[in-house]
Structure formats: C-alpha cells, structure tokens
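First the structure, in the form of structure tokens, and then the observations on it.
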Amino acid sequence: MEIAALPRVDEHATEVAADADAVWRGIGDVLDHSLLGPGYARLVGCADRTASGPRPLALGSTVTGFRVASADRGRELVLIGRHHFATYALVFRLDEAGPGRTRLRAETRARFPGPGGGLYRLLVVRTGGHAVLTGRLLSAIGSRAEQG
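FYI, my numbering numbers position 131 of the sequence shown as 1421, with every residue one higher than the one before it.
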C-alpha cells in the first residue's frame, strides 16, 4: 500500500514528559491493549484482527486493525490497515522537544470507497469521533510513557 497516495484525514500532537524510547514503548503497550476491540474488528472486517509478531513493534507486527509497515524505533511507526469500508494508515512521529521531552504526532490517512465508505467516514470522521479517539490514544501513550 502506498501511504502517500492515501488522502490525509488529520494530524494530532501532544508533548510528552519522557524520552523517545519511553514514548516508543508506550505506543506499543497502548496499541497492544486498547486501540480497537476484536468485536469491532470482526464487525467491520479488519484484515488484521489480533496482535501478533515481534515486540517491541517492528516490521510485520500486528495489532488489532493494523499491520506495521515500517518502524524506525524512537522516530516513526507506520501502521496500515483495511476493512470493508476503508483503507488507512496511522503514522506516529516522535521528535525531541527538549531534555527528556518528546513531541508525539499521529497522522491519519484513509480512503473510504463506495457508499459504505462514505457513510463510515460520515459516522467516524465527520462526527468528530475519530478526533476524540485519537486524542485519547495520544493521552494514553503519554501517560504510559511518563509512568515509565
């Protein structure tokens, strides 16, 4: 899947009081336990429905709803996925924000084909639900990283 070919949906960011390695571990921990539930993954027909592969997350690892397309530890994690209503990518970028601080960004890209995809986009993205969930995800990663 060509990530750059997917239309950009949005990007959210937060600053975390932890170094990039701790934030990287936080991403893996949170994704392994809270992103999408298996029931939701089955309902929408996610290609990847369970967590598998190497940990910490690396090329070929999966979490519910996503497969790791690339992993540059402490810098960038690219997740890709697809289900009945969308083909999507979630890209985490980590940048130094000062001593012991990391800026964590999450960019979402997606294509929503057909009438079902359009309805899904309306229900998930246009209602603001996606933004709320992404904000909660970043907050959870930040909290996990700051706890060590």
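Beta carbons are placed, not taken as given, at the ideal position from N, Cα and C, and that holds for glycine.
Please report how far the alpha carbon of A1341 lies from the alpha carbon of R1363, in whole angstroms. C-alpha separation (whole angstroms): 19 Å.
Within 8 Å, do at least three Cβ pairs link the segment 1411–1423 to the segment 1388–1396? Segments in contact, no.
If I measure Cβ to Cβ from G1408 and keep anything under 8 Å in the same chain, skipping five residues before and after, which residues do I get? F1402
Are the beta-carbon atoms belonging to V1313 and A1435 less than 7 Å from one another? yes
Simplified DSSP state of A1308, which is helix, strand or coil: coil
Can you name the start and end residues of the alpha helix (DSSP H) that G1438 belongs to? Careful: G1438 lies outside any alpha helix (DSSP H) and carries neither H nor E.
From this set, R1393, G1404 and D1338, which residue's C-alpha is nearest R1383's C-alpha? The candidate whose alpha carbon is nearest that of R1383 is R1393.
Status (buried if at least 16 other CB within 10 Å, exposed otherwise) for H1374: exposed
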